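Below is one structure, written out as structure tokens; the observations come after it.
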Amino acid sequence: MRSYIYLLITLAVTVSCKQKKENAAVEEKSAEVLEVKTAKEWITLFDGSSFDNWRGYRMDEMPSEWTIEEGAMAFKPGETGGKNIITKQKFTNFVLSLEWKISEKGNSGIFWSVYEDDKFKEAYQTGPEIQVLDNAKHPDSFVEGGTHKAGSLYDMIACPDTLVKPAGEWNLCVLEINHKTNQGKVSMNGTEVMTFPVHGEDWDKMIENSKFKGWEGFGKYQTGHIGLQDHGDPVWYRNIKIKEL
């Protein structure tokens, strides 16, 4: 009888250990699947090797002023301006993450919701902008209110100087636009700078109190292209990715 009881106990322990191992394997596999799924949520817009996801604003191809240098897209101004670029794909609700580096005394910008139409000659006529700037030496940095400084929602909400690295150094900017929750967010170098409405009465009031008051298409389109600005100064962007919400 004792041998029989011992056999039952041994069998129970063996089954229990086996079940624990199987459960652990399932949990580990589930974690791997979740990790892969999470990674796949991000769409790489620029991986340092090609402009496959980009073209010129109101153009079919990339302007020659934009090249690839050491894994970054580099803009060097040519004889004529207006060589802004946009994503081929349009987005509505998203998180955009990218790094930028500006030249001394330089100026550029990151647009969203750019509406492409021949009546709008420039991307900034429709797309709100997160400012890219040399805060130390560009005149825009000293505009009253600070809303033209780097990291700012241009001419609407200011970003503190202390959150932005100087010309020649890389800055990480994360922009979230969510029309479902009516909220936008901007983070600079890991610190949240601001939140703001992205449509409706409060958004319209922000526009009315800015230089964009009365502009026909500015901030009116919820779906549009991501854009990067030719403002006549050298600028670099890298590690550009987007996650749709």
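Residue numbers for the sequence shown follow the working numbering, beginning at -18 and rising by one.
By construction, the Cβ of each residue, glycine as well, lies at the ideal position given by its N, Cα and C atoms.
Computed from a predicted model, the values in this text were never measured in an experiment.
Item: Apart from the five residues on each side of it in sequence, which residues of its chain come closer than 8 Å, Cβ to Cβ, to residue 10?; Value: With a pLDDT of only 46 at residue 10, under 50, the local geometry of the prediction cannot be trusted, and the value read off the model is given with reservation. Excluding residues within five positions, none has a Cβ falling inside 8 Å.
Item: Identify, in the order they occur along the chain, each residue of the same chain with its Cβ nearer than 8 Å to the Cβ of residue 121, setting aside the five sequence neighbours on each side.; Value: 88, 112, 114, 129, 130
Item: Relative to the C-alpha of residue 191, which candidate in 136, 143, 222, 168 has its C-alpha closest?; Value: 136
Item: At a cut of 8 Å, does the region 202 to 211 reach the region 64 to 73 through at least three beta carbon pairs?; Value: yes
Item: Measure the C-alpha to C-alpha separation of residue 102 and residue 76 and round it to an integer number of angstroms.; Value: 27 Å
Item: Excluding the five sequence neighbours on either side, which residues of its own chain have a C-beta within less than 6 Å of the C-beta of residue 109, listed in chain order?; Value: 200
Item: Is residue 167 buried or exposed, if buried means 16 or more other CB atoms sit within 10 Å of its CB?; Value: buried
Item: Since residue 184 is in the alpha helix (DSSP H), which residue starts that stretch and which ends it?; Value: 182 to 189
Item: Spatial neighbours of residue 45 within its chain, please: CB distance less than 8 Å, with the 5 preceding and 5 following residues excluded, ordered by chain position.; Value: 59
Item: Assuming residue 80 contacts residue 196 (C-beta within less than 8 Å), just tell me the rounded distance between them.; Value: Actually they do not touch by this definition, with Cβ atoms about 30 Å apart.
Item: Taking Cβ to Cβ, would you say residue 107 is nearer than 7 Å to residue 198?; Value: yes
Item: For residue 40, which of 98, 85, 71 has the nearest alpha-carbon?; Value: 98
Item: How big is the Cα-Cα spacing for residue 105 and residue 95?; Value: 8 Å
Item: Please identify the residue among 123, 53, 43 whose C-alpha is closest to the C-alpha of residue 27.; Value: 53
Item: When you compare the CB positions of residue 160 and residue 74, do they come within less than 7 Å of one another, or not?; Value: yes
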